[in-house]
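In our numbering, the protein residues as written are -6 to 639.
All C-beta atoms in this analysis are idealised placements derived from N, C-alpha and C, irrespective of residue type, glycine included.
Everything numeric in this text was worked out from a predicted model, so none of it was measured.
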Amino acid sequence: MSWRPLPKGRFTGIDWSAPGAIDGMDPYLAWAEADGFVGYHAPGRRDQPHWLPIVIGLREGADVRQLVDASSTQWLQVPTVYLLTPGLRHCTARVSRDFFKAWRRHHPVRALIERFELGLPVEHHARALAHFCHPHKQPRPVRDRLHGPVLGVIDGGLALANAAFRDGRGRTRILRFWRQDNFYGGVWPGPINDARVPLDPHRAGPMPHDMGYGHELHATQIDRDIARFTQRGHLNEEALYRHLQLPDLSHPVNHGTHVTGLATAPGGLLDAARNDFASRCPIVAVQLDWANVLDTSGGAMNVSVLDGLHYIVSRCTDDAAIVTNISWGTLAGPHDGTSLLEAAMDELVQVLGGRLQITVPAGNAYQSRTHANATLARRTSLDLHWTTLPDDQTQSFLEIWLPANAQQVNIGISPPDRPDQAVTLAPGASGMWVGGDGRPRWSAIYPHTSALGSLGTCALIALEPSFHREAGHALAPFGRWTVSLHNHGTQPVTFDAYVERDDVALGVNTGAKQSFFEDRSYDTLGNLNGWVDHASNPTPIRRSGTFNSLSTGQATVSVGGTRATDDGPQALARFARYSPQRPDPDPTRPQRPGVKLVPETLAPSDDNPALWGVRSTGTLSASSARLAGTSSSAPQEARRRLNALE
């Protein structure tokens, strides 16, 4: 084992170890190039990307039109949907190696771009778009756009033929359905024997021209297929979903179906109050590609979510009111609303004059020990203990967020039981531990500034899996890592450390194992008052601030979870134990500028202390399922807002 500088990227051509090379860039891109994008490979495959998906944030005064006109489609391709809304400063793109060659040579495009961030470079996302913007050409909107109010949904596993999403005459209310997959049975990072079968456009629908990938179904085709698979008044939903090449709908429970049911399913005879305006609204649905469902970290969902939002907007008229729910999220990130995706969502809400509303869950990790927060007094240090588990078949990440005045804070990292591999990094430094085969086991990247947020910087610690089914796969040590922060300056520094989400999505098995912090002062006893932070407890592990980092923007609506009924005597008795609390139990604790701690509003996510979760729509018509989490709270707020538009 040896400590080495980051390599020169084979795709970008960037020498990541050169002075200043990591500053202002996405550290996940640097890490992906360091390990050859192995974290994005399906088992048994070593495909390298031909193009990279990115989200771009332009400088003040620039817009997407200028970006397209100044670039070449040979190395930068933007979906045409981003030219349908004038004045945007954020967009997604596919970029080739020549983009980075132009970047290194200070092409005029570089002067337009403030920052960019890597998406999920797998399957079709790692290839060119089929259709894209061209310089000095303006695309036309699609025909037959929908009048509002409209419910938008971005999720996975939407049972589009379920009776809950049809009107009284049996016609679908899902008037537009865009699935972002190009393949049936997506393999990343699924079982080795999964087959990659291109979707049949005659069954899955044609590719939407203005998006450049995926497949789109209109209500007419959905209704036609429903009629085709209906015999003697009975719809064979399972056969229909097989025909449409939607394998995830073979499961009795699907996240997207459950969420959409809470937002718009009617109540029937048993719950007449839910036979409301929202239960009759048209729906525009985006089904995230399978890779995003499997990658529960959510760290690379930025491209898919932003494309989904613009798809929904583009299918509605210029005066349509739209309420969109995104019950998805991640744990790491700046938590101050300055991530590229959050900034792009805020911009879209503002550009559309408020006719777009976006509801998002506040998060479910309040008790997960994935957040640490403390203030380092001048010339002091603090140790964090980060525990990774054996048999974790996915990579693990820790982000340390520091304000702009932290240039004299050094970060020390000591792997479990390997004192000889301890390293200390000053701002601007980076490196990786590699094995005898030259492949990295783990890396630390500590830039002065980061593309991941606008305020301060983010230091990233990236680990390979601790176990893998492939012989010879690079592995990182598991156990207790010690991460030490040393403040050599004369001013106190408040920091946040976030462990990225690394769990298993509903109905799949990726081998992910969530890592977490440990501290002897942290209360894990489960006492009545042990579910919230207390100012008197010296532990740096804080529940407060554990928040969905998709939900900290200024214009989106974050929704926390409560218990529908709870007669407990505690002031916070009705809060779901996994949800951020409102108000914050420890509001006097110092925070970095702009960090969001509490949701804007609340909705039930548990029925009572003994019965977690709420019931909603199952995959097949007339079935129901119970799921817990603030993913169930957000669509209820979306429903309330839809009803307010009546």
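Integer-rounded CB distance, given that Thr253 should sit under 8 Å from Leu139: Contact annotation, Leu139 with Thr253: C-beta distance approximately 17 Å; criterion of less than 8 Å not satisfied.
Buried or exposed by the 16-neighbour rule on C-beta atoms within 10 Å, applied to Arg98: Residue environment analysis places Arg98 among the exposed positions, since fewer than 16 neighbouring C-beta atoms fall within 10 angstroms of its C-beta.
Three-state secondary structure assigned by DSSP to Asn186: Model confidence at Asn186 stands at a pLDDT of 48, short of 50, so the residue's coordinates are unreliable and nothing is read from them.
Beta strand (DSSP E) runs wholly inside the stretch 121 to 173, at least 3 long, in chain order: As far as the stretch 121 to 173 is concerned, its whole beta strand (DSSP E) runs of at least 3 residues are 143 to 148 and 167 to 172.
Rounded straight-line distance, which links the Cα of Leu51 to that of Ser609: One C-alpha to the other measures close to 41 Å.
Bounding residues of the beta strand (DSSP E) (the contiguous stretch that carries Gln280): It spans Ile276 to Gln280 - the beta strand (DSSP E) in which Gln280 sits, taken as one unbroken run.
Cβ pair Asp526, Asp579 closer than 7 Å: In this structure, the beta-carbon distance from Asp526 to Asp579 falls below 7 Å.
Cβ contact (3+ pairs, closer than 8 Å) linking the stretch 79 to 98 and the stretch 320 to 327: Output reads no: the stretch 320 to 327 does not touch the stretch 79 to 98.
According to DSSP, residues forming a beta bridge with Tyr177: Partner(s): Val190.
Through-space distance from Ser64 to Glu209, alpha-carbon basis: When only Cα atoms are considered, Glu209 and Ser64 end up about 29 Å apart.
Nearest candidate by alpha-carbon position, reference Leu237, set Val115, Pro194 and Gly226: Comparing Cα-Cα distances from Leu237 to each of Val115, Pro194 and Gly226, the minimum goes to Pro194.
Span separating the alpha-carbon of Ala437 from that of Glu26: Their backbone Cα atoms lie some 13 Å apart in a straight line.
Outcome for Pro357 when other beta-carbon atoms lying within 10 angstroms are tallied against a minimum of 16: Contrary to the premise, residue 357 reads as Asn rather than Pro in this sequence. Residue environment for Asn357: buried (at least 16 other C-beta atoms within 10 angstroms of its C-beta).
Length of the line joining the Cα atoms of Phe93 and Ile7: Those two C-alpha atoms are separated by around 8 Å.
Minimum C-alpha distance to Gly606 - residue among Tyr234, Leu391, Thr558 and Thr545: Gly606 has its Cα closest to that of Thr558, out of Tyr234, Leu391, Thr558 and Thr545.
The stretch 70 to 79 contacting the stretch 117 to 126, beta-carbon criterion three pairs below 8 Å: Cβ pair count under 8 Å is three or more, so yes.
The beta strand (DSSP E) enclosing Ala437, as first and last residue numbers: Start and end: Pro433 to Tyr439.
Backbone secondary structure at Ile325 - three-state DSSP: The residue you asked about is not Ile; residue 325 is Ala in the sequence shown. In the structure shown, Ala325 falls within a coil segment according to DSSP collapsed to helix, strand and coil.
Proximity below 7 Å, CB of Leu76 to CB of Asp56: At least 7 Å separates the beta-carbon of Leu76 from that of Asp56.
Nearest-angstrom Cβ-Cβ length linking Ala278 and Ile167, presumed shorter than 8 Å: By a beta-carbon distance limit of 8 Å, Ala278 contacts Ile167. Their separation comes to about 5 Å.
With 16 other Cβ atoms within 10 Å as the buried cut-off, status of Val130: Checking the sequence, you will find Lys at residue 130 rather than Val. Exposed is the label assigned to Lys130, since fewer than 16 other Cβ atoms lie within 10 Å of its Cβ.
Contact under 7 Å by Cβ, His83 with Ala337: The beta carbons of His83 and Ala337 sit closer together than 7 Å.
According to DSSP, residues forming a beta bridge with Trp605: The partner list for Trp605 (beta bridge, DSSP) is empty, contrary to what the question assumes.
Own chain residues within Cβ distance below 7 Å of Thr623, not counting five before or after: Counting only residues of its own chain and dropping the five nearest sequence neighbours on each side, Thr623 has a CB closer than 7 Å to the CB of Pro354, Ala355, Gly356, Asn357, Val552, Gly553, Gly554, Ser572 and Ser598.
Pairwise C-alpha distance: Phe540 and Gly183: Its pLDDT being 38, under 50, Gly183 is placed unreliably by the model, and nothing is read from it.
Cutoff 8 Å; reference Ala615; Cβ partners in own chain excluding five residues on either side: Beyond the five residues adjoining it in sequence on each side, Ala615 comes within less than 8 Å, by CB distance, of Ala156 in the same chain, given in chain order.
Residues of its chain near Gln484, where Cβ-Cβ distance is below 7 Å and the 5 sequence neighbours each way are ignored: Hits under 7 Å: Arg371 and Asn398.
Among His227, Ser297, Leu377 and Ser443, the one whose alpha carbon lies nearest that of Asp19: Comparing Cα-Cα distances from Asp19 to each of His227, Ser297, Leu377 and Ser443, the minimum goes to Ser443.
Proximity to Asn403 [Cα-Cα], best of Pro409, Leu418, Ala637 and Asp600: Nearest of Pro409, Leu418, Ala637 and Asp600 to Asn403, Cα basis: Leu418.
Segments assigned alpha helix (DSSP H), at least 4 residues, entirely inside the stretch 199 to 270: Listed in chain order, they are 212 to 221, 230 to 236 and 248 to 257.
Simplified DSSP assignment, three categories, for Gly504: It is coil, neither helix nor strand.
Within 7 Å, strictly: CB atoms of Arg432 and Ala467: Annotated as proximal: Arg432 and Ala467, with beta-carbon spacing under 7 Å.
Alpha-carbon to alpha-carbon, Asp300 and Pro201: The straight-line gap from Cα to Cα measures roughly 12 Å.
For Gly207 and Pro114, the rounded distance between their alpha carbons: Distance between the alpha carbons of Pro114 and Gly207 is about 15 Å.
Cβ neighbour criterion (16 or more within 10 Å) applied to Ser272: Around the beta carbon of Ser272, 16 or more other beta carbons lie within 10 angstroms, which makes this residue buried.
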